[in-house]
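Novice: The structure follows.
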Amino acid sequence: MIPWADSVAGTSDASYKSVTQGWWALGATIGSFLGAQVATLLGPRRSYLLFSLGSVLTTLCMFLATGPMQVGFHPTVFVQGLVSTLFFGWLAVFLPTLFPIGVRASGCGLAYNVGRFATAIGVFAAGSLLPLFGNSYPKIGATCALLYGLGLLAAWFIPKKFNSVAQDS
């Protein structure tokens with residue numbers, strides 16, 4: 000969304016790119032804080048399923064229903080930031096409990112960092128996507144939004160019973 004905002008605003012509004020990033024960051028900050036509370040209320044499977052569905056829908060909406068310099072763009076960017084970062088709260092609450100206490104730190108570290116490496120690969124590959132999608136940021140964004148859909152499948156593999164620190168001690 001940031002390069003897209005920059006390409007549309009261009010020199011007519013030099014600050015538009017940073018304002019867009021600011022709206023996303025504000026939503027992301029709130030989403031990161033709310034994620035643990037929402038995940039605890041809804042439970043591991045239901046929350047992950049809803050976070051994934053919400054991320055798909057808000058990202059598709061951002062790229063297909065609005066666009067930079069349109070009235071609804073920044074509110075949509077804010078909501079997308081909020082919804083797509085709810086996962087961070089989920090991870091803090093439920094990820095450690097997926098591992099036995101003896102390997103909990105290693106398991107969490109590996110799980111967190113595999114995601115970071117995948118993201119890094121995505122960032123490096125992103126530049127090559129633009130020509131493949133006819134230089135259309137909305138097409139790239141809408142296609143990449145479907146990656147959140149993998150979470151809809153992953154939710155079914157979340158164990159029904161979670162270990163707690165008290166049970167492992």
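Taking numbering that gives the first Met the number 0, the leading residue of the sequence shown gets 0, the next gets one more, and so forth.
Positions of the beta carbon are idealized from the N, C-alpha and C atoms, including for glycine.
Just so we're clear, the structure is a prediction, and the values are computed from it rather than from any experiment.
Within 8 Å, do at least three Cβ pairs link the stretch 57-67 to the stretch 85-95?
Specialist: Touching, no, given that fewer than three Cβ pairs across the two stretches are closer than 8 Å.
Novice: Which whole-angstrom value is the C-beta distance of V92 and A35, which I expect to be below 8 Å?
Specialist: Their Cβ separation, rounded to whole angstroms, is 5 Å, which keeps V92 and A35 in contact under 8 Å.
Novice: Is H219 near T10, with beta carbons less than 8 Å apart?
Specialist: Residue 219 lies beyond the stretch modelled for the chain, which goes from 0 to 168, so this question has no answer here.
Novice: Just to check my reading of the structure: G26 and G66 have Cβ atoms closer than 8 Å, yes? What is that Cβ distance to the nearest angstrom?
Specialist: Going by Cβ atoms, the distance from G26 to G66 rounds to 18 Å, so no, they are not a contact pair.
Novice: Could you round the C-beta distance between V76 and W3 to whole angstroms and report it? I think they count as a contact, below 8 Å.
Specialist: Between W3 and V76 the Cβ distance is about 10 Å, and since that is not below 8 Å, they are no contact.
Novice: How is the alpha helix (DSSP H) around Q79 delimited, first residue to last?
Specialist: F72 to S83 is the span of the alpha helix (DSSP H), which, as asked, contains Q79.
Novice: Would you identify the three-state DSSP class for I1, choosing helix, strand or coil?
Specialist: Helix at I1.
Novice: In chain order, what residues of the same chain have a beta carbon less than 7 Å from the beta carbon of G53, not counting five sequence neighbours either side?
Specialist: Cβ within range, chain order: V82.
Novice: List, from N- to C-terminal side, the alpha helix (DSSP H) runs of 4 residues or more that fit wholly inside the stretch 34-77.
Specialist: Those alpha helix (DSSP H) runs which fall completely within the stretch 34-77 and span 4+ residues are 43-63.
Novice: Once you ignore the five residues that flank G71 on each side, which residues in its own chain have a CB closer than 6 Å to its CB?
Specialist: Here the set comprises T65.
Novice: Residues in its own chain within less than 8 Å of G114 by CB, not counting five upstream and five downstream?
Specialist: Nothing meets the Cβ criterion.
Novice: When you compare each of V55, F116 and Y47 to C143 by their alpha carbons, which one comes out closest?
Specialist: Checked all of V55, F116 and Y47; the closest Cα to C143 is V55.
Novice: Can you name, in chain order, every residue of its own chain whose Cβ lies under 6 Å from the Cβ of V7, other than the five neighbours on each side?
Specialist: For V7, where only same-chain residues beyond five positions count, the Cβ hits under 6 Å are P67 and M68.
Novice: Do you know how far the Cα of K16 is from the Cα of G140?
Specialist: Distance between the alpha carbons of G140 and K16: 16 Å.
Novice: Please indicate yes or no: does the CB of L128 lie closer than 7 Å to some heavy atom of the ligand ZN?
Specialist: The model on display carries no ligand, and the ligand ZN is accordingly not part of it.
Novice: Rounded to whole angstroms, what's the CA-CA distance from A124 to L146? Just pull it up for me.
Specialist: If I take the Cα positions, the gap works out to 15 Å.
Novice: Taking K159 as part of the alpha helix (DSSP H), name the residues at either end of that continuous run.
Specialist: Counting along the chain, K159 falls outside any alpha helix (DSSP H), and DSSP gives it neither H nor E.
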